[in-house]
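Notes for the one structure printed next.
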Amino acid sequence: MLKIEKILLHGGTVLDLENGKSARADVAIVDGKIRQVGEIETESFGGDVIDVSGAVLTPGLMDMHVHLREPGREDEETVASGCAAAMAGGFTAVCAMPNTEPECDTQEVVQFIKKRAEAELVDVYPIGAITKKRAGREISEMADMIRAGAVAFSDDGSPVLNTAVMKRALEYSSMYFSPIIDHCEDPFLFEGGHMNESKMSTLLGLPPIPPVGEEIMIGRNISLVRYVGGHLHVAHISTKRGVELVRQAKEEGLPVTCEVAPHHLVFSDEDLKEYDTNLKMNPPLRTPEDVEALKAGLKDGTIDVIASDHAPHSVEEKQVEFVEAPFGILGLETMLGIIITKIVKEKILSLEQALEKMCISPRRICRLPIPRIKKGEAANISIFDPDKKWTVDVKKFKSLSRNSPYDGWKLNGVVLGVVNKGLYQKS
Amino acid sequence: MALSISHLLGLRGVPASDITMILDTATSFKEILSRPIPKVPTLRGTTVVNFFYEPSTRTRISFELAEKRLSADTVNFSKTGSSVKKGETLRDTIRNIAAMKIDMVVVRHSAAGVPLFLTQCVDAAIINAGDGINEHPTQALLDMMTLRAKFGSLKGLKVAIVGDISHSRVAGSNIHGLQTMGAEVRVCGPKTLIPRGQEEICPVSYNLQETIEWADVLNILRIQLERQESGLFPSIREYHAEFGVTRRRLQQAKKDITIMHPGPINRGIELDSDIADSEFSVILDQVTNGVAVRMAVLYLLSGSDAKVDQ
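Quick note, the sequences are listed as chains X and A, same order. Yeah, the first sequence ends on 439 if you go by this note's numbering, and it's all consecutive. Yeah, the second sequence ends on 306 if you go by this note's numbering, and it's all consecutive.
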């Protein structure tokens, strides 16, 4: 990592995600601030010149759904290794989910995570638990956690089952304009399931998870938002009916947003024929029809955010019987490549539209300042070449875990580096 | 002549030519079983591990007998419950056993997909003796052998599988195998015990009487008591009344029908005692054929080129 005194990012194209306009421009950064954007002579610059020809410069990307595993499972990921993975993946900001050990349900744990991330280039924004111990009974000290740096609340990994508790959580958090991120599933229907319920679960003989469970919880939560207010953000939406409910809520003008994970756009339950535990996550891979509905939701704006649900698990935990393996896969180091290759190159979204869902939109939802590549702004920039290809090699991941289904995939989008907090990291 | 498959993980996707070869081989092995000394040296020097992670009596005995009749060296490994909770992973256990130089593994496990998982862990031929609610291919093969012996061919035969389809690996394998061999299959049971998407795989009926009228063969599955406890049907009494195969129902159909059951039978619940022991039943033939079919599978997957009729 390089502390920036004076550098020039030369030869790239600067993307303006808010206006969808892009222009060829060089960017001079002095002491962490953007000094100049435009055509800049390299000879007369008098600082470090970094050649980024062919690459694009975008306001720093953010992944709002990441499991950093610290505190508790530092063998799988730490704040530091998660930040390294984020940088390698082209991100300058992540939200850390609170299902750690202990849970992130008090300001002490929020502070601990913030402290761990202090010297990192990546902005780490803790998400507090909605309920104490994520047990679903009493709402946690949200105001205290917000003061310490929490940007949203979630019991991710579990839904808030008790409707009265969810009602209170929406009411309470709305005083602070903090979003409630719910993992929408009905645990009674879930009942020990391991894959989406469909013809495929019947053919593979795996205990099924009925997709209607997601729809029921989204529906309940939308009804609560209509009744008491608050901001509902649906984590990792995966079903056609779920997308439809969010679309209707938005048409009604309710403060409801949602995110999709890249794997739900790339795989379906038909890909589970080999019982690959690196394709086991929750929500599970759904049907090809659901995948199409998610793509349509991205296209029409129903889906606000693309977030990886980066869930590190140890090799030992994943190299087991399918029903014994934990849910979750890695995402930070492949998300940008997957989205460029499978969403942008397939013309579902333009590059700017896709990046907007990994930059502006998650920050808006979390009420965070939005970085801009403009003179006078703090430099918060992701640099990558969208056309250049690379091959995924999990052995080279910065993450401490290896549970990725993309090993060996050829992807577009090579990350060149990231700039933030006065630091530059070359990939 | 050799099988196109190198493991028997299930019958889904196994071609008819393979199934026919297994059934033909089993038929010639059956003759050996009726000899005064029912043993051949075919698999001498071949080591087979019976790797049973779930309680099993008849399947394990059937495999062990099949191995002994072929003169294979056998080792038994039994353990119940999850390996993960007991400190050693399944992958480590099987790799340790394989390091002792074994040729074949017969595996029974409560988790679907374990036989396939084992093929990724070790270099031995894997035979599925039942994985969770996925498949139990040798059971379906012995069912098909029994039906082929009785009817001459499986083509066009109408087979109904009755009972808890959701939790049955026997149903899964039978449907795939019978459909491949040209039989017509349908399932019948309470809707709470029919899995999602079943109607895309074969016709489904909730009416036992209509099913009996249609079928040449009823393959009746054991109903597990714990399914009632978890609320999937209201009572054993009502199950028997709606889905129990009784003499009265068979008489009402006024036709010959063949009764199969993979065992063990809950007499008086899914099948009346009287019918289980009647002229309709081929249940004990199934058990005898089980040994012959397993001999055939072991032999054909062993890579041995010893002649069958030694």
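Ideal Cβ placement from N, Cα and C applies to all residues, glycine included.
Tell me the DSSP secondary structure of residue i in three-state form.
| i | result |
| --- | --- |
| serine 74(A) | strand |
| aspartate 212(A) | coil |
| glycine 126(A) | strand |
| aspartate 88(A) | helix |
| cysteine 371(X) | coil |
| glutamate 63(A) | helix |
| serine 439(X) | coil |
| threonine 134(A) | helix |
| glutamine 331(X) | coil |
| alanine 68(A) | coil |
| phenylalanine 202(X) | helix |
| glutamate 17(X) | coil |
| lysine 33(X) | strand |
| serine 269(A) | helix |
| serine 314(A) | Residue 314(A) lies beyond the stretch modelled for chain A, which goes from -3 to 306, so this question has no answer here. |
| aspartate 283(X) | helix |
| threonine 38(A) | coil |
| isoleucine 352(X) | helix |
| leucine 297(X) | coil |
| alanine 131(X) | coil |
| leucine 244(X) | strand |
| aspartate 305(A) | In this predicted model, aspartate 305(A) has a pLDDT of only 47, less than 50, meaning its place in the structure is not dependable enough to derive any value. |
| methionine 96(A) | coil |
| cysteine 184(A) | strand |
Just to confirm the assignment, what range does the beta strand (DSSP E) spanning residue i have?
| i | result |
| --- | --- |
| threonine 403(X) | 393 to 403 |
| cysteine 196(X) | Note, cysteine 196(X): premise wrong, no beta strand (DSSP E); not H, not E. |
| threonine 104(X) | 103 to 108 |
| valine 44(A) | 43 to 48 |
| aspartate 75(X) | 73 to 78 |
| aspartate 63(X) | 60 to 63 |
| glutamate 195(A) | Per DSSP, glutamate 195(A) belongs to no beta strand (DSSP E) and is neither H nor E. |
So residue i and residue j are supposed to be a Cβ contact under 8 Å. How far apart are they, rounded?
| i | j | result |
| --- | --- | --- |
| serine 416(X) | isoleucine 341(X) | 6 Å |
| leucine 217(A) | aspartate 160(A) | 6 Å |
| asparagine 170(A) | alanine 136(A) | 4 Å |
| glutamate 192(X) | leucine 244(X) | According to the sequence shown, residue 192(X) is isoleucine rather than glutamate. Confirmed, Cβ separation roughly 6 Å. |
| leucine 69(X) | isoleucine 385(X) | 6 Å |
| threonine 188(A) | phenylalanine 229(A) | 6 Å |
| isoleucine 234(X) | leucine 266(X) | 7 Å |
| glutamate 271(X) | aspartate 316(X) | 7 Å |
| histidine 276(X) | arginine 298(X) | 7 Å |
| alanine 288(A) | valine 213(A) | The Cβ separation is near 19 Å, so there is no contact. |
Kindly list, in the order they appear in chain X, the residues whose Cβ is closer than 7 Å to that of residue i.
| i | result |
| --- | --- |
| glutamine 194(A) | Thr214 |
| phenylalanine 113(A) | Tyr287 and Glu333 |
Closer than 8 Å by beta-carbon distance: list the chain X residues that pair up with residue i, in chain order.
| i | result |
| --- | --- |
| arginine 87(A) | Gln331 and Val332 |
| glutamate 131(A) | Gly217 |
| isoleucine 197(A) | Lys211, Thr214 and Leu215 |
| valine 44(A) | Here the premise fails: no neighbours, minimum Cβ distance about 22 Å. |
| alanine 376(A) | The structure shown does not extend to residue 376(A), since chain A is modelled only from -3 to 306, so the question has no answer here. |
| glutamate 126(A) | According to the sequence provided, residue 126(A) is glycine. The question's glutamate does not apply to it. Chain X residues near glycine 126(A): none, gap ~10 Å exceeds 8 Å. |
For the alpha helix (DSSP H) containing residue i, name the first residue and the last one.
| i | result |
| --- | --- |
| isoleucine 234(X) | 224 to 240 |
| cysteine 95(X) | 91 to 100 |
| phenylalanine 165(X) | Careful: phenylalanine 165(X) lies outside any alpha helix (DSSP H), inside the beta strand (DSSP E) at 164 to 166. |
| tyrosine 137(X) | From DSSP, tyrosine 137(X) is part of no alpha helix (DSSP H) but of the beta strand (DSSP E) over 135 to 140. |
| leucine 215(X) | 211 to 216 |
| lysine 252(X) | 252 to 263 |
Taking Cβ-Cβ distances shorter than 9 Å, what residues in chain A pair up with residue i?
| i | result |
| --- | --- |
| tyrosine 418(X) | What tyrosine 418(X) touches in chain A: nothing, since even the nearest Cβ is about 18 Å away. |
Starting from residue i, find everything on chain A with Cβ-Cβ shorter than 8 Å and list it in chain order.
| i | result |
| --- | --- |
| proline 220(X) | Pro191 and Arg192 |
List the residues of chain A that residue i touches, going by C-beta distances under 7 Å, in chain order.
| i | result |
| --- | --- |
| glutamate 328(X) | Thr85 |
Would you say the region 351 to 363 of chain X touches the region 130 to 142 of chain A, given that touching needs at least three Cβ pairs under 8 Å? Fewer than three pairs of CB atoms, one per stretch, sit closer than 8 Å, so the region 351 to 363 of chain X makes no contact with the region 130 to 142 of chain A.
Would you be able to state if there are at least three C-beta pairs under 8 Å between the region 137 to 153 of chain X and the region 118 to 126 of chain X? Segment contact: the region 118 to 126 of chain X against the region 137 to 153 of chain X, three or more CB-CB distances shorter than 8 Å; contact assigned.
Is the region 357 to 372 of chain X in contact with the region 302 to 313 of chain X, if contact means three or more CB pairs nearer than 8 Å? A contact exists between the region 357 to 372 of chain X and the region 302 to 313 of chain X.
Cβ contact check for the region 9 to 20 of chain A and the region 54 to 66 of chain A: 3 or more pairs under 8 Å: Cβ pair count under 8 Å is below three, so no.
Per the contact definition of three or more C-beta pairs closer than 8 Å, is the region 256 to 267 of chain A in contact with the region 20 to 38 of chain A? Contact fails: fewer than three Cβ-Cβ distances are below 8 Å.
Taking three-plus beta-carbon pairs below 8 Å as touching, is the region 102 to 109 of chain A in contact with the region 330 to 341 of chain X? Flag = yes, the region 102 to 109 of chain A and the region 330 to 341 of chain X touch.
With contact counted as at least three CB pairs below 8 Å, one residue from each stretch, are the region 81 to 97 of chain X and the region 176 to 185 of chain X in contact? Taking a contact to require three or more Cβ pairs closer than 8 Å, the region 81 to 97 of chain X and the region 176 to 185 of chain X do not qualify as touching.
Does the count of Cβ pairs from the region 88 to 98 of chain A and the region 404 to 423 of chain X closer than 8 Å reach three? Segment contact: the region 88 to 98 of chain A against the region 404 to 423 of chain X, fewer than three CB-CB distances shorter than 8 Å; contact not assigned.
For the pair the region 231 to 249 of chain A and the region 271 to 279 of chain A, tell me if three or more CB-CB distances fall below 8 Å. Contact between the region 231 to 249 of chain A and the region 271 to 279 of chain A is present, because at least three Cβ pairs lie under 8 Å.
Hey, is the region 112 to 129 of chain A in contact with the region 431 to 439 of chain X, meaning 3+ C-beta pairs nearer than 8 Å? Output reads no: the region 431 to 439 of chain X does not touch the region 112 to 129 of chain A.
Stretch pair the region 44 to 58 of chain X + the region 364 to 373 of chain X: three plus CB contacts closer than 8 Å: Taking one beta carbon from each stretch, the region 44 to 58 of chain X and the region 364 to 373 of chain X have fewer than 3 pairs nearer than 8 Å; the two do not touch.
Quick test of the definition: if touching needs 3 or more C-beta pairs under 8 Å, does the region 75 to 95 of chain X touch the region 393 to 406 of chain X? No: the two stretches stay apart, fewer than three of their Cβ pairs being nearer than 8 Å.
Spell out a yes or no on whether the region 217 to 230 of chain X and the region 194 to 201 of chain X are touching, meaning 3 or more CB-CB pairs, one atom from each, closer than 8 Å. A contact between stretches requires three or more CB pairs, one per stretch, nearer than 8 Å, and the region 217 to 230 of chain X meets this requirement with the region 194 to 201 of chain X.
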